[in-house]
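First comes the structure, then the notes that go with it.
Protein chains: 2
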Amino acid sequence: MADMENIIAVDIGGTHMRVAMYAPGEHAPLFHERIRSHAPNETVFDRLTSLIVNVWRQGGGAQAIGVSSPGPLDPHTGMILAPPNIKEWRDFPLAEQLTKRFKVPVFLDNDANLAGLAEWKLGAGRGHRNALYLTISTGVGGGVIIEDRLLQGHHGLAAELGHMIVDSRPDAPLCGCGFRGHLEAFSSGTGIERYAAEQLAAGRVSALTGRPSAREIEQAAHAGDGLARAAYARAGDYLGLGVANYLHIFNPSVVILGGGVSLSGALLLEPFEESLRKHVFHPRYLDGLEIRQAELGDDAGLLGALILARARVEN
Amino acid sequence: MADMENIIAVDIGGTHMRVAMYAPGEHAPLFHERIRSHAPNETVFDRLTSLIVNVWRQGGGAQAIGVSSPGPLDPHTGMILAPPNIKEWRDFPLAEQLTKRFKVPVFLDNDANLAGLAEWKLGAGRGHRNALYLTISTGVGGGVIIEDRLLQGHHGLAAELGHMIVDSRPDAPLCGCGFRGHLEAFSSGTGIERYAAEQLAAGRVSALTGRPSAREIEQAAHAGDGLARAAYARAGDYLGLGVANYLHIFNPSVVILGGGVSLSGALLLEPFEESLRKHVFHPRYLDGLEIRQAELGDDAGLLGALILARARVEN
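This is the structure:
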């Protein structure tokens, strides 16, 4: 059945890409495909277009394509700037290339912004007008809704909430981006792993050995290991400090926590909430504030890309 | 001459209050009065209403009153929460009280937000759609314009840009608000004074003695005093770090620096710009970015109150 009012949503990750087709007004996809991003002797762009062609043919076409991609990228020009896990897309005009291939408008934003948009519109932030979304996994990303609009900024580079310096010492922990003292360096899965590895190397006693993963550290923490618990507590403590900063900056009515590390429960969330309360400089920031777990899981990127494209073709 | 389309703008400071009346479309006041905020045997509110009555009579009335006041305050309810220099206004319903007295709508926001609004509309931020304003004086305040709208937040408490933790050590410098490690603790006039006093108390050699004021430190720095120069360089260094954080968060196209300390020139601005460049984690945040001195001086609060009230009565 051909319906040219359909929208195709694309979610590009460092390991997998997903493409789905949505009928007008629907949030459950008509068709849905998923493949690995990389394969020998094939470019990521060729793999992506083949996947879109599959979905396009099944649905009989679409009126627009929305794309969620790792940043940094420029949503105004549709240019991917420097994605950490897709080296061949440095300064790559993704929106232009897809428009040339499929002859429909293509709308692009970064994965964290779009996950925040989706959680606000369809997930844990429904009904709020000012929402702060943080995804805590390998890195820390953010998306901010201000009076029902996604914060994008002049070049569309806004809301890099993981890259706020919260420790200004010259020997502060290294962030994945190469700079020091960022929130991500403390509160991401990578930050948790690095801290545990450093403590182990320094001879701290623990059931853990070598360079344990965030998941292994979480399991050891649940089993009562002191170092493992301290690693999560430190991540939660800095997360609370960072969110206090963001409350002072944005004064949202809901904070939504997503990403794999946010699922570790009280290990992270108890120190987080204690630290948040300790660092907020006026109690009114906490008045009526909801702190919620993200609801959309892995679909947040696809749904955000759908919402973005739908909003743009309707304007 | 009576003109009920006039607007009265009020700027309340810890030491002085100003009231001005503006004709439709004008940014130069018809009448303008200024008095000290405090006097024996008189409340601040009574002094304020007398001043408004004076201006009101000269101009034959007004259709609305806009008010700039020190925060924290709630612009949605018109309530002053806890102004540091007007103790009698703790949880004071200023907008309601003024409406009761003058029978016209009263619109309120904090001084830094309104100065930012005025600089964006009439001053150094003209023509930009995403502007970051920082005022650096006794404290550090901020105002943010995102796609032509003032950032206010759920309770109107947004953009407390001076109260971002940039130093998470337990012994980080104290901020005027009583918390530690805030940008204001490093980059405000008070932060500069505190650092100089501590260094002098620790025996550092300098032309300065005792507890010098920010102005005295500035003069000594211009005369080449090492400690005085270091105090301003440290303030500029942290200001650059803080603004880098705000570029990652908001990605504005203009940064506007206002307030007395920002007038100290290269002493502050050279270390600021060096630090900003050092801490920005992707060069595209600096692409086309303008860094400008505020243009409206002491009139920014009045003009911001005027713009706020005018925008509200026109909607």
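Protein chains in written order, with this note's numbering: chain B, 1 to 315; chain R, 1001 to 1315. Every residue, glycine too, gets a C-beta built ideally from N, C-alpha and C. If you're wondering where the values come from, they're calculated on a predicted model, not measured in any experiment.
Against Phe-1179/R, the close residues of chain B are His-279, Phe-281, in the order they occur along the chain (beta-carbon pairs closer than 8 Å).
Sixteen is the threshold: since fewer than 16 other Cβ atoms of the shown chains lie within 10 Å of the Cβ of Gly-1224/R, the residue is exposed.
Within the same chain, and ignoring the five residues on either side of Gly-153/B in sequence, the residues whose Cβ sits closer than 8 Å to its Cβ are Ala-159. For Glu-1290/R, the enclosing beta strand (DSSP E) stretches over residues 1290-1293. Your pair Gly-236/B and Pro-212/B does not check out as a contact, with CB atoms roughly 18 Å apart and the cut at 8 Å. Gly-1025/R and Glu-314/B have their C-alpha atoms some 35 Å from each other. Approximately 6 Å separates the beta-carbon atoms of Asn-1110/R and Leu-1073/R; this is inside 8 Å, confirming the contact. Annotation: Leu-208/B to Asp-1171/R spans about 32 Å, alpha carbon to alpha carbon.
Contact between Arg-36/B and Thr-15/B holds, since their C-beta atoms are separated by about 7 Å, short of 8 Å. The beta-carbon of Arg-284/B is placed less than 8 Å from the nearest beta-carbon of chain R. Using a C-beta cut-off of 8 Å, the region 1296-1308 of chain R makes contact with the region 1112-1128 of chain R, since at least three inter-stretch Cβ pairs fall below that distance.
Proximity of Pro-1075/R to chain B, defined by a Cβ-Cβ separation below 8 Å, is not satisfied. Shown here, Asn-1110/R sits in a strand according to DSSP, grouped into three states.
Within the region 74-146 of chain B, the complete alpha helix (DSSP H) segments at least 4 residues long are 94-102, 111-122, listed from N- to C-terminus.
In this structure, the straight-line span from the alpha carbon of Ala-221/B to that of Glu-295/B is close to 25 Å. Beta-bridge partners of Glu-273/B (DSSP): none assigned. For Val-1055/R, the three-state secondary structure derived from DSSP is helix. Contact of Leu-1081/R with chain B by beta-carbon distance below 9 Å involves His-282, Arg-284. In the structure shown, Asp-1011/R falls within a strand segment according to DSSP collapsed to helix, strand and coil.
A Cβ-Cβ distance of about 20 Å is found for the pair Ala-20/B and His-38/B, leaving them out of contact under the 8 Å criterion. As the crow flies, the alpha-carbon of Leu-1267/R is around 44 Å from that of Gly-259/B. Gly-240/B places its beta carbon less than 8 Å from that of Glu-274/B. Residue burial annotation: Glu-96/B is exposed, with fewer than 16 other C-beta atoms found within 10 angstroms of its C-beta. Within chain R, the C-beta atoms nearer than 9 Å to that of Leu-157/B come from Leu-1247, His-1248, Asn-1251, His-1282, Arg-1284, Tyr-1285, in chain order. Using a Cβ-Cβ cut-off of 9 Å, Asp-1167/R is close to Val-166, Asp-167, Ser-168, Arg-169 of chain B, given in chain order.
For Thr-138/B, the number of other beta carbons within 10 angstroms of its own is at least 16, and it is reported as buried.
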